[in-house]
Amino acid sequence: MQTVRTRIAPSPSGNLHVGTAHTALFNFFFARHFKGKFILRIDDSDQSRSQKKYEINIIESLRWLGIQWDEGPDIGGPYSPYRQSERKNTYHTYLEKLLYDGNAYYCYCTPDELNSERKLQEQQKIATKYSGKCSLLTKADTQELIDQGRKPAVRFKNPCARITFTDLIRGTITVDTSLFGDFIIARSDGTTLLNLAATIDDIEMKITHAIRGEDFLNLVPRQILLFNALGYIPPQFAHLSFLYAPDKTKLSKRHGATSVTEYKDMGILPEAMINYLATLGWAIPPAIIERNKLKGVAEEIVSFQEIIENFQIEDVKSSAPIFDIEKLKWMNGVYIRSLSDEQLFKRVENLIPQDVDKKRTLRIAALAKNRMKTLNDFTMYLKPFLHYVTVKLENNQHELVSKFLPQFNTIKNWNAVELESICKQIVNDGQLSIRDTFMALRLAVTGEKIGLPLFETLDIMGKKEVLSRMEKVE
RNA sequence: GCCGCCAUCGUCUAGAGGUCUAGGACGUCAGGUUCUCAACCUGAAAAUCGCGGGUUCGAAUCCCGCUGGCGGUACCA
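Structural data, given as structure tokens:
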């Protein structure tokens, strides 16, 4: 059996979009499931919109997610180069062949001519397509047009057939190609269009399965025509749905974070991102859910390896999922909680000022762990230990806090257990409200109403610091 | 305009003609635990399966139509 080869071909016109990451992931899962190869190809054929910094971001983001490719612009491979901008010669070789074989022809029509033709067809309520008149040009006609200074585009000569193909996700689809006529495959400046370039790349790179976004679904018949004309068998196709925002429009900038980088910066763990993305359009097998229930872990938590083992492209849904940040955050919290203190420390290290003691931070991390949804939440819990903002307490709160000061001064063993028992004693003796009293103390020491467990906080902060803060209270 | 794809709780989904008075997860709400906030535990509300027709003894599941959403139709990708 031939080796499975899949690819992702992002265009570097922006940072890696989560939708592209989703597609990349499914390509990767599929390839790895069959012990095949996954290829990264940079689609920078539109140079005006492509930027190197975006290519770098795409590569870094995919790496961060843990998606490894076997061939790509950065690591090379047997079918290099892997940037479309560097493959122009190859495209021209194929273009020449199409022209030579009579499967393509030069079209000298101007955009205006084309537009009016199209308008007329729309008025008649029939499918808009090129008349094909340039395919009938004589040598003399052609010469005349060239003399006029016209530069031709290249059109593919559509054999007008009914094309039936099986999409691995969507099933059998039949399209009458006569509906779209002869389409352009190369611009008048000589550059090739995506349809042709992608087809050639897939041929050259021996892609066996083209798994991509649904925007390509309608383009499949054209590409099949191209494959046939070039004498190659098309790959298997599978079209994933786009990811949508809660307002049911395509996920875009105005909805907030759309790039993988933004989620990384937000403090989302790559493994949570992958796990979440995997649940969009693909349901976690019941056996894994059952096993997780037995183990007492969240049902939908699956490892990379488990996804690869169980991934079936036929199980992927074709309906449009909405990207739900809330669920992502929940899942991220689950992953954060599964980290050891040391692991969590490493992940938040970059958020911690250099002069902060590691031992203390580790203790704080341990306490903050099940309160965090993102890594960035850590700063919120760390903050009270770094700065003290003087807070104004209400009179009664002030009074409550003052009851602790003399006792605290005399404590020899300053630790959470000791502090808790002493404080509870004070509350008991004074017949005070636990809730109000401890809140007053918390406010006095941390300046925050919300925070880590009080006595642990006092312990970590240290006697000297706590006393000084209590004295500063207004 | 023409063509294609899609349609189950607010969201992700289970569901391949009877086991569905539709199951789970996130979110929401209520209660428990509790020094706050979380975490954790218990429970609840939440889909007349987009609508209308068929087929069938029986349909979320099959067929047709409609509606809505999305996409393609470009010398965009």
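The opening position of the first sequence corresponds to residue 161 in this note's numbering, with each subsequent residue numbered one higher. In this text, a Cβ means the ideal position worked out from N, Cα and C, and glycines have one as well. Source: prediction; values computed, not measured.
Judging by CA-CA distance, which residue of the options is the nearest neighbour of residue i?
i      : options                        : result
Ile384 : Thr597, Ala528, Val462, Asp362 : Asp362
Leu542 : Lys487, Asn555, Ile496, Gly611 : Gly611
Ile524 : Pro233, Thr539, Asn510         : Thr539
Leu440 : Gln162, Ser171, Ser173, Thr183 : Thr183
Lys529 : His547, Gln503, Asn536, Ile496 : Ile496
Trp229 : Arg165, Phe545, His399, Val494 : Arg165
Pro381 : Lys311, Val420, Lys366, Gly341 : Gly341
Ile620 : Val335, Ser562, Asn536, Lys518 : Lys518
Phe568 : Phe198, Val626, Asp537         : Val626
Lys366 : Arg167, Lys624, Glu580, Asn588 : Arg167
Arg520 : Lys424, Glu502, Ser173         : Glu502
Val420 : Asp589, Ala600, Asn175         : Asn175
Leu339 : Tyr290, Glu578, Gly331         : Tyr290
Val605 : Pro544, Asn588, Leu592, Ile582 : Pro544
Glu364 : Ile594, Tyr251, Asp234, Ile371 : Tyr251
Val577 : Leu553, Arg602, Ser593, Glu616 : Glu616
Arg315 : Tyr265, Phe397, His547, Phe376 : Tyr265
Gln396 : Asn435, Cys294, Val551, Ile333 : Ile333
Phe464 : Asn435, Ile219, Lys213, Ile218 : Asn435
Lys212 : Gly196, Pro233, His193, Lys197 : Pro233
Lys195 : Asn217, Met161, Lys624, Val178 : Met161
Leu328 : Leu618, Phe186, Gly590, Leu499 : Phe186
Leu579 : Gln591, Leu618, Gly590         : Leu618
Glu220 : Lys424, Ala300, Asp307         : Lys424
Quick one: what's residue i bridged to in DSSP?
i      : result
His399 : Arg372
Ser419 : His177
Phe186 : Beta-bridge pairing links Phe186 to no other residue.
Ile314 : First, the residue type needs correcting, since residue 314 is Val and not Ile in the sequence shown. Beta-bridge pairing links Val314 to Tyr266, Ala346.
Glu282 : According to DSSP, Glu282 bridges with nothing at all.
Ile482 : Tyr404
Glu231 : Ile199
Ile168 : Leu200
Ile428 : Ile428 pairs with nothing; no bridge assigned.
Lys410 : Tyr404
Arg322 : Asp336
Arg243 : Ile202
Gly236 : Gly232
Where residue i and residue j are concerned, what is the direct C-alpha to C-alpha distance, given to the nearest angstrom?
i      : j      : result
Leu386 : Thr352 : 13 Å
Val549 : Pro241 : 58 Å
Ser210 : Asp203 : 9 Å
Leu437 : Lys285 : 42 Å
Phe564 : Arg629 : 12 Å
Asn249 : Ile344 : 19 Å
Lys477 : Gly373 : 13 Å
Trp574 : Leu527 : 18 Å
Thr418 : Asp206 : 22 Å
Asp407 : Arg414 : 11 Å
Val561 : Val516 : 28 Å
Met635 : Lys533 : Past the boundaries of the shown model lies residue 635; the chain is included only from 161 to 634, so the question cannot be answered.
Ser276 : Gly292 : 15 Å
Gly416 : Leu403 : 14 Å
Asp349 : Gly427 : 46 Å
Pro473 : Ile461 : It is worth fixing the name first, because residue 473 is Ile in this sequence and not Pro. Answer to the nearest angstrom: the Cα atoms are 20 Å apart.
Ser607 : Arg531 : One point to set straight first is that residue 607 is Gly, not Ser, in the sequence displayed. Taking the straight line from one Cα to the other gives about 18 Å.
Ala379 : Val335 : Going by the sequence as given, residue 379 is Leu instead of Ala. Those two C-alpha atoms are separated by around 10 Å.
Lys632 : Lys572 : 22 Å
Met599 : Leu614 : 9 Å
Asn263 : Arg347 : 16 Å
Leu200 : Glu231 : 6 Å
Gly622 : Arg451 : 44 Å
Val457 : Pro172 : 39 Å
Cys267 : Pro394 : 26 Å
Ala287 : Ser401 : 26 Å
His399 : Thr180 : 13 Å
Asp589 : Ser581 : 12 Å
Leu499 : Lys455 : 17 Å
Taking contact to mean at least 3 C-beta pairs separated by less than 8 Å, is the stretch 468-479 in contact with the stretch 342-360? no
Considering only residues of the stretch 326-356, which uninterrupted beta strand (DSSP E) runs meet the minimum length of 3 residues and lie entirely inside it, listed in chain order? 331-336, 344-346
Spell out a yes or no on whether the stretch 279-287 and the stretch 233-250 are touching, meaning 3 or more CB-CB pairs, one atom from each, closer than 8 Å. no
Just checking, does the stretch 218-232 make contact with the stretch 431-444 on the three C-beta pairs under 8 Å criterion? yes
Entirely within the stretch 520-593 and at least 4 residues each: give me those alpha helix (DSSP H) ranges in chain order. 537-546, 555-562, 565-570, 576-590
Does the stretch 314-333 touch the stretch 389-397, meaning 3 or more C-beta pairs lie closer than 8 Å? yes
Per the contact definition of three or more C-beta pairs closer than 8 Å, is the stretch 494-510 in contact with the stretch 479-486? no
So within the stretch 431-502, which uninterrupted beta strand (DSSP E) runs reach at least 3 residues, ignoring any that extend past its ends? none
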